[in-house]
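Numbering (the numbering used here), first residue to last: 846 to 965. Heads up, the beta-carbon is just placed ideally off N, CA and C, and yes, glycines get one too. Have a look at the structure below before the remarks.
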């Protein structure tokens, strides 16, 4: 098995990264990966899921949800999420949410993202 890690804070100065790493569980090693997309943003407080392809021969895709990007600011932050393979949906719950430009707070919202239709 593998565990993927994308983005986050990389040091005590608060720098945010767009690095992508994979941990190989069997041999206990980390490997730095290059993402296929050029549109990668440094994020923290997000969640990410590697979703298997719908069709045979397709490629898995990593989907990144919410978080803080130094370029764009805050979306949802610090939430929990899970991919459900039977419905091929990602469920996102809680965390912090921006209510206005200078106010945020805890949210109890539950979102469902349909992976195959790219729809909320």
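Extent of the continuous beta strand (DSSP E) to which residue 953 belongs: Run containing residue 953: none; DSSP gives neither H nor E here.
Residues near residue 848 in its chain [Cβ-Cβ closer than 8 Å; skip 5 each side]: 867, 868, 870
Nearest neighbour of residue 960, chosen from 931, 943, 863, 952 [CA to CA]: 931
Environment of residue 911 [buried if 16+ CB atoms lie within 10 Å]: Residue burial is scored here from C-beta neighbours: residue 911 has at least 16 other C-beta atoms within 10 angstroms and is therefore classed as buried.
Whole runs of the beta strand (DSSP E) within the stretch 857 to 924, excluding any shorter than 3 residues: 861 to 869, 874 to 878, 892 to 896, 906 to 910
Residue range of the unbroken beta strand (DSSP E) whose run includes residue 945: That run of the beta strand (DSSP E) goes 941 to 945.
Simplified DSSP state of residue 959, which is helix, strand or coil: strand
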